[in-house]
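Every number in the numbering used here is 132 more than the matching position in the sequence shown, counting from 1.
Heads up, the beta-carbon is just placed ideally off N, CA and C, and yes, glycines get one too.
Every value quoted in this text rests on a predicted model; they were computed, and no experiment measured them.
To keep things clear, I will list the structure first and then write my remarks on it.
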Amino acid sequence: MHQHDELRDIPRRLYEVISRPARERDWESVRSLYHPRATMVRTGIGEDGSPFVMAMSLDEYIDNVTALLQGVEFSEVEVTQEMTVFGNVARAASIYEFEYRTAGEVRRGRGVNFFNFVNEGDGWKVMNIVWDNERDGVSLREAGLLPGAE
């Protein structure tokens with residue numbers, strides 16, 4: 133596999149892990165894709181309407197996702213990806229669609245994961261992921277991240 137193909141495949145592999153039922157998420161199968169000091173950053177709007185940023189280590193992120201998705205059928209699929217590679221750094225804008233399903237609720241939406249990757253000579257590693265979801269006033273299409281018609 134070409135080095136850039138391997139790099140482009142990382143988001144897909146991470147989406148596959150989170151899209152499994154809670155008891156079947158094999159985080160250890162993708163741990164090697166993360167730099168040891170990787171940071172995951174959830175952003176959004178809190179219930180009070182103000183923005184929040186939650187920065188987590190990989191282990192904190194795994195604990196957070198496990199708690200948030202307890203009893204939830206969740207899937208996340210990449211729709212499109214734009215990748216830029218320069219030397220030993222790379223960045224990707226990965227647009228995804230998600231479905232969040234509980235016994236009483238189904239939510240669907242889209243968002244963007246901004247990935248930063250580094251290569252220290254032993255392959256590409258996720259250095260950080262920062263993400264947000266569409267909501268009123270925040271559109272992937274209007275931001276130029278999702279071309280074409282609705």
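Query: Which partner residues of Ile302 appear in the DSSP bridge assignment?; Result: For residue 302 there is no data in the structure shown, the boundaries of the chain being 133 and 282.
Query: Among Pro168, Val211, Glu231 and Met188, which one has its Cα closest to the Cα of Val262?; Result: Met188
Query: Is it the case that the segment 145-159 contacts the segment 196-209, given that we only count it when at least three CB pairs across the two stretches are under 8 angstroms?; Result: yes
Query: In chain order, what residues of the same chain have a beta carbon less than 7 angstroms from the beta carbon of Val250, not counting five sequence neighbours either side?; Result: His167, Asn220, Val221, Lys257 and Met259
Query: For Gly243, count neighbouring Cβ atoms within 10 angstroms of its own Cβ and tell me buried if that reaches 16, exposed if not.; Result: buried
Query: Does DSSP put Val185 in a helix, a strand or coil?; Result: strand
Query: Check for me: the alpha helix (DSSP H) holding Ala199 runs from which residue to which?; Result: Leu190 to Leu200
Query: With C-beta atoms as the reference, is Val173 less than 7 angstroms away from Arg145?; Result: no
Query: Report yes if the CB atom of Arg273 is closer than 7 angstroms to the CB atom of Asn248, and no otherwise.; Result: no
Query: From Phe230 to Trp159, what does the alpha carbon distance come to, in whole angstroms?; Result: 19 angstroms
Query: For Ser151, name the three-state secondary structure that DSSP assigns.; Result: coil
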